[in-house]
Amino acid sequence: MAAAAEPGPRAWLGGGSPRTGSPASSPDLGNGGRARLGPRSEPGSGRERVGARTPGPAAPGHTFRKVTLTKPTYCHLCSDFIWGLAGFLCDVCNFMSHEKCLKQVKTPCTSVAPSLVRVPVAHCFGPRGLYKRKFCAVCRKSLEAPALRCEVCELHVHPDCVPFACSDCRQCHQDGHRDHDVHHHHWREGNLPSGARCEVCRRTCGSSDVLAGLRCEWCGVQVHTVCSAALAPECSFGRLRTMVLPPGCVRLLSRNFSKMHCFRISESAVPEHGEGDPAADGSAPACPGREVPPQESRPDKQTLRIFDGSDAVHRGHFRVISVPRLAGSEEVLEAALRAYYITEDPGDFELQALPAALRSGDPGARAQAQSGGAAEAEGSRGPGPPDSVPVAEAQIIRALPRTQDVLKVYPAWLKVGVAYVSIRVTADSTARMVVLEVLPLLGRQAEGPESFQLVEVLMGSRQVQRTVLADEELLLDRLRDIRQTSLRQMNQTRFYLAESRPVAPRVSLFIGGLPPGLSLQEYSSLLDEAVAMKAGLVSVSHVYASQGAVVLDAACFAEAERLYMLVKDTAVQGRPLTALVLPDVLHTKLPPDCCPLLVFVNPKSGGLKGRDLLCSFRKLLNPHQVFELTNGGPLPGLHVFSQVPRFRVLVCGGDGTVGWVLSALEETRHRLACPEPSVAILPLGTGNDLGRVLRWGAGYSGEDLFSVLVSVDEADAVLVDRWTILLDAHEANGTENSMADLEPPKIVQMSNYCGIGIDAELSLDFHQAREEEPSKFTSRFHNKGVYVRVGLQKMSHSRSLHREIRLQVEQQEVELPSIEGLIFINIPSWGSGADLWGPDNDSRFEKPRMDDGLLEVVGVTGVMHMGQVQGGLRSGIRIAQGAYFRVTLLKATPVQVDGEPWVQAPGHIIISAVGPKVHMLRKAKQKPKKAGTPKDA
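Note that the sequence shown covers residues 1 to 937 in UniProt numbering.
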């Protein structure tokens, strides 16, 4: 075997990433990958007409050709308009450029992008959606139809381009593979805001016409592609550096878990086109040329279905190309290779006609094609003379047999002077022989080969799969089998030389939904009975008895995956269980000034904007610090941050959601290294009274989330009283007026207000209506309209609440006036911002504050009175002020605490300030801008 070391990492974009999103790693690409172009080849984009074939200067894998423009076109490098009739187009990835810009093109072609990724990280694609004025990162075309977007980075792709997307997502944690301490910029090309300005030259770098410009997905800096060379490669995380959880401080060994599981992202129930759905049509127009004109309108063209291997035939996934009817076999082959972004020498491939029996679904013919024995029909031979030959309707690309091949071997450690080494393998070459050849080239000749192993890595866009090759594995046969299966997979397969050190797997699984109040042994027995945990491989490391949850430590990847999938489909005592994969935060490695932000989002709050917020926060911060409350509640996030010495919390939801998180903080305070984290609010609910008092606004309406995070960082810490409410329903009288069954005593926490009577009844009716048809409650305006409608229905209702309850304040009986509702308020905002207590001074009471240890008791006479209070025409009836209250319910009565309503059975309600005050964040007052200050300042 002949071996030759390639040159070291070439500086691309000034030491940044050669592929947008990865540090530099590519040796000299050369011209070997340029496809040969036939005289009749067309770009097929519909924007230009082929002119004389004039290849441009060599660029990172591009195959440029001079074309005649027939429509307004923009340069993908400088984003300026291309004046004149000539431009330079890459036949593979549709990159369009001025002639003057060709020498400055640094963006790699899609055909070579997988080879430039330094650390392969899979993407997390969500459901399809409409993304206006966005462009596909693979074919560079506009996203006019429903497309896919990564939930972690700003990658946008067409559904049929997903298999060709590069596995260059953000590396958000250490997983034991090529971990590093120095963090570089993670560049993503294009789809910048139209007003984006370059950090270097301060000129506009965003474009709504083409895929142009670069943006770091960690620090948010935006630059021109050319200007990026002036920036240092290291990333400082920008303005949010103190709030971001650094990737080097998070560890998650996730060999058998997808990225969707690692980041707790709900997977779409609908299989995406071209990704594992054998029933899908599979037809994907070739790129270039996404829209293939029908044959009726183009009599000189023919449309062919092209498969790239046995796997594509088995799944029925193909690409569609349009070629002239008089095209020669070599021209057809080149168009087929371009459809799969393959720029290798066409002389190494051939086209074989797909048998008619196979196209009709015959199992025997399908098995024959998968074994490589597809019959060669007339006109399906490989490259030959450019004579006119008949072409079959469906064809498959096959690699010609090779007696030797070149294998690129990458070092699995980062601190090495070369990106990869090239090894020539023959029919007798084994994995052990390759290891022996590569070690001296990487400067590790002093170490024994038994300490290393050859690892095959398939860098899929959705999942990165690693396979350790046996010492006696014949590599030439291995490469042939991969090409036989899929030429696309061959382009995305890489071989690493890794140290064969034993890995001690440790996976943390959060299990929720268990019965509360059990011991460690009882939880272990319960889980053994439900999912049959294997002794010695799985242990219970943490028990949260009050919330009915445990954390398991699994010492085996296979067992952790089995438990995860099994628990998600298991119910205990009629309650479905929740399973989450949790990372470990290496708190000792956190920077001294780091105070990461723990984000909780309730996607069901208010106008159902939580889904978009989840995606946006995952991109602005580390996804491991963003938690969805409908998936396990606040406890998983608090457990992950339990050892962090300093952190803050941002709750995205209504007042009920804020109370939920504060209650979880109360219960886990003794387990936290930071027992009193400050809590900020992004109001998503309907009332948002606590958010109003703390200056976070009446409700989120689409503001820039980056500005929201900056406001959280600059917010002031304040104290807010936290009240404990004991509900004891031991005096049920069993009369026909009783509306609720007898309940055991329970304790709830309160921050805003507690209502008894008419206001709780309105809240209960609204809550029930939302539970019945949640899809209709998608806007804050509609929600308030439902409140008004429910209130009008209760206008004539009277239950004489003052006769059904008794009130004691500080052990003193208080006579109640004629009222329909009794409200205990802790903050000066009620019912979407109304001042129920009123601004007037009263010598009987102290001036209310939210940290004075006192509650104000106010009464309302009915729906009309409540409407007048919300309109600012009246105030409530001031009844009392104190720190200890005892309410006796003589009948079942609606009760609501911080917007969460229910029907309380007859009994006692005791309200006291026994809990500690909570630390909240109040938005700082904005300083008035000086007149004439430039916008950029």
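For each residue, glycine too, the CB sits at the ideal point set by N, CA and C.
- Inclusion of Leu889 and Ile825 in the CB contact set at 9 Å is not warranted, their separation being larger than that value.
- Per DSSP, Ala579 is one residue of the beta strand (DSSP E) stretching across Thr578 to Leu582.
- The C-beta separation of Glu199 from Val223 comes to about 5 Å, placing the pair in contact by the 8 Å criterion.
- By the C-beta density criterion, Trp83 is exposed, having fewer than 16 other C-beta atoms within 10 angstroms.
- Between Gln812 and the set Leu148, Ala880 and Val860, the nearest pair of CA atoms involves Ala880.
- Within the UniProt domain "Ras-associating" (403 to 502), the complete beta strand (DSSP E) segments at least 3 residues long are 404 to 411, 421 to 426, 452 to 459, 464 to 468 and 493 to 499, listed from N- to C-terminus.
- As for any beta strand (DSSP E) of minimum length 3 sitting wholly inside the stretch 593 to 661, the runs are 597 to 601, 626 to 628 and 648 to 653, ordered along the chain.
- For Ser678, there is no enclosing alpha helix (DSSP H), as DSSP marks it with neither H nor E.
- For Leu597, same chain residues with a beta-carbon under 6 Å away, outside a window of 5 residues either side, are Met243, Arg648 and Leu650 in chain order.
- Beyond the five residues adjoining it in sequence on each side, Val572 comes within less than 8 Å, by CB distance, of Gly513, Leu514, Pro515, Leu526 and Ala530 in the same chain, given in chain order.
- In this structure, Thr578 is the residue among Thr493, Arg170 and Thr578 with its C-alpha nearest to the C-alpha of Ser266.
- With respect to the C-alpha of Leu727, the residue from Glu846, Arg646 and Gln896 having the closest C-alpha is Gln896.
- The way I'd put it, the stretch 247 to 260 does touch the stretch 496 to 515; three or more beta-carbon pairs between them come closer than 8 Å.
- In this structure, the CA atom of Val918 is about 50 Å from the CA atom of Pro114.
- Contact check for Leu116 and Pro108: beta-carbon distance about 5 Å, within the 8 Å limit, so the pair qualifies.
- Judged by DSSP secondary structure, Leu526 falls within the alpha helix (DSSP H) whose first and last residues are Leu520 to Val531.
- Within the DSSP secondary-structure output, Tyr884 pairs in a beta bridge with Ser912.
- In terms of CA proximity to Cys78, Gly206 leads the group Cys161, Asn94 and Gly206.
- For the 9 Å CB-CB criterion, Leu245 and Cys594 form a contact.
- With a contact defined as Cβ atoms closer than 8 Å, Phe495 and Val421 miss out at about 10 Å.
- About 6 Å separates the CB atoms of Gly309 and Gln484; that is less than 8 Å, so the two are in contact.
- Using a 10 angstroms sphere on the CB of Arg319, the tally of other CB atoms reaches 16 or more, which defines it as buried.
- DSSP, read as helix, strand or coil, puts Thr225 in coil.
- Boundaries of the beta strand (DSSP E) around Val550: Ala549 to Ala554.
- Pro906 sits away from Leu764, with the two beta carbons spaced by 9 Å or more.
- Positions of the alpha helix (DSSP H) runs, each at least 4 residues long and wholly inside the stretch 834 to 873, are given as 863 to 870 in order along the chain.
- A distance below 7 Å between beta-carbons, with the five flanking residues on each side excluded, links Ile681 to the following residues of its chain, in chain order: Val651, Val658, Leu690, Gly691, Leu694 and Trp696.
- Secondary structure note for Glu350: its beta strand (DSSP E) is the uninterrupted segment Phe349 to Ala353.
- Distance between Glu450 and Ser678, taken at the CA atoms: about 53 Å.
- Considered as a whole, the UniProt domain "Phorbol-ester/DAG-type" (184 to 235) harbours 187 to 189 and 214 to 216 as its complete beta strand (DSSP E) runs of no fewer than 3 residues, in chain order.
- Here DSSP, grouped into helix, strand and coil, assigns Phe164 to helix.
- In terms of Cα proximity to Lys619, the closest of Val182, Asp80, Arg170 and Leu662 is Arg170.
- Distances from the CA of Ala498 to each of Asp91, Ser519, Arg466 and Ser167 were compared; the closest alpha carbon is that of Arg466.
- Per DSSP, reduced to three states, the secondary structure at Arg170 is coil, with no helix or strand assignment.
- Under the three-pair Cβ rule at 8 Å, the stretch 857 to 866 does not count as touching the stretch 704 to 722.
- Note on geometry: alpha-carbon atoms of Ala545 and Asp898 lie some 25 Å from one another.
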